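Novice: Here it is, the structure in full.
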Amino acid sequence: MDRMNSLMLNTDGVQIPQLGFGVWQIPDQEAEHAVTTALEAGYRHIDTARIYGNEAGVGRAIAASGIPRKKLFVTTKLWNTDHGRVEQAYDESLATLGLDYVDLYLIHWPAPKQDRYVQAWRSLEKIYREGRVKAIGVSNFTLDNLERLDREAELTPSINQIELHPYFPQKQLRAYHTANGILTEAWSPLGQGRGLLEEPALTVLGDKHGKSPAQIVLRWHLQLGNVAIPKSATPSRIRENVDVFDFLLDDEDMAALGALSKGTRLGPDPATFNWMG
Ligand code: NAD
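Counting in our numbering, the sequence shown runs from 240 upward without gaps.
Written out as structure tokens, the structure is:
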């Protein structure tokens, strides 16, 4: 098994490392340190966003790492207040990151009340066509949002980054993605560490495989075909979360994880989330 498996995007030749490092809620100064630890541990995919306020710290860690830019996969996201000024927002993110392109640019939320996400998507398509970004996608898009893009836009998003963990496995959206060549990327893949990682079923599976509950959950994501972007600011956990490429869950294990579904979200519902903060 590869140390770090990659998946093909529906964009010519672009591959995404299946496991990435998420930096939501890590302040800018700490982000530099956390990303440095992650790169040393073997992560090559970093997930940030304009609204996280840590693009600068992420950029400093990348610059200091000495890792060739083409060996890294960097994602950032367009914030809700920027749906009408995509090109400027993209350039601002690049300047803050200190990069001349990102690998993946996502619309962070559809924010349906302002009803500008189709317009925003057309601007992402333009940036992509101009060769200024390797791939474009969306985040928190519902089935309705995706179907509307399919009707009204030209390009299919390469990825939809959505809340997804064993408590909220998103079966319906995953099936739509698969049928339409869209990769599924899981945010809060560990259920934010709350409750989920204490599930007895995960302890049992952890004992069986000599792995931690977090590693079991991450392995489940990989075997479902998801991209997963766990977050931690703790060096030992950063390393633990990437050490998931040397074991396999069997069908029974996967079924035990599937049985944990509660169908409830931890985060906001994209259909009603219109925050402009
Ligand atoms: P997560 O599921 O990755 O959980 C992170 C928390 O789990 C940590 O803060 C820690 O408390 C705990 N944890 C991590 N590793 C552990 C381990 N090995 N053992 C025990 N506990 C552990 O949650 P998240 O940070 O919400 O999501 C991950 C990333 O997803 C974010 O950093 C961000 O990049 C992305 N995200 C995107 C959106 C979006 O709207 N697109 C929303 C939320 C998060």
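Ideal placement from N, C-alpha and C gives every residue a C-beta, glycine not left out.
It should be emphasised that the depicted structure is a prediction, and the values quoted were computed from it without experimental measurement.
Less than 7 Å between the CB of H347 and some heavy atom of ligand 1, yes or no?
Specialist: yes
Novice: Going by CA-CA distance only, name the one from G259, I455 and T417 that's closest to M243.
Specialist: Residue G259 is the option with its Cα nearest to M243.
Novice: Pick from D339, R371, A334 and N384: whose alpha carbon is nearest that of Q358?
Specialist: N384
Novice: 8 Å is my cut-off, CB to CB: does A288 come that close to chain C?
Specialist: The chain labelled as chain C is not found in the depicted structure, where only one protein chain is given.
Novice: Measure the Cβ-Cβ separation of I557 and W426 and say whether it is below 8 Å.
Specialist: Outside the shown range of the chain (240 to 516) lies residue 557, about which nothing can therefore be said.
Novice: Using DSSP with H/G/I as helix, E/B as strand and the rest coil, what is G497?
Specialist: helix
Novice: Below 8 Å, can you find three or more Cβ-Cβ pairs linking the region 416 to 434 to the region 455 to 474?
Specialist: yes
Novice: Kindly indicate which three-state DSSP category Q223 falls into: helix, strand or coil?
Specialist: The chain is shown from 240 up to 516; residue 223 falls before or after that span and cannot be answered.
Novice: Apply the 10 Å Cβ neighbour rule to E438 and answer buried if 16 or more other Cβ atoms are within range, or exposed otherwise.
Specialist: buried
Novice: So, at 6 Å on beta carbons, what are the nonlocal neighbours of F486 in its own chain, with the 5 sequence-adjacent residues on each side left out?
Specialist: H448
Novice: Based on DSSP bridge pairs, tell me the residues matched to D286.
Specialist: G261 and T314
Novice: Which two residues bound the contiguous beta strand (DSSP E) that contains G376?
Specialist: A374 to S378
Novice: In whole angstroms, what is the alpha-carbon distance linking V253 and G370?
Specialist: 13 Å
Novice: Please classify A498 as buried or exposed, where buried requires at least 16 other C-beta atoms within 10 Å of its C-beta.
Specialist: In the assembly as shown, A498 is an exposed residue. Its beta-carbon has fewer than 16 other beta-carbons within 10 Å.
Novice: Confirm the yes/no value for this check: CB of S427, any heavy atom of ligand 1, distance under 7 Å.
Specialist: yes
Novice: State the start and end residues of the unbroken beta strand (DSSP E) segment that holds W360.
Specialist: Taken as a continuous stretch (DSSP letters only), W360 belongs to no beta strand (DSSP E), being part of the alpha helix (DSSP H) at Y356 to R368.
Novice: Are there any heavy atoms of ligand 1 lying less than 7 Å away from the beta-carbon of L436, as far as the coordinates show?
Specialist: Under cutoff, so the answer is yes.
Novice: In whole angstroms, what separates the C-alpha of P307 from that of D490?
Specialist: 39 Å
Novice: For the structure I just gave you, are there three or more beta carbon pairs, one from the region 277 to 285 and one from the region 406 to 426, closer than 8 Å?
Specialist: no
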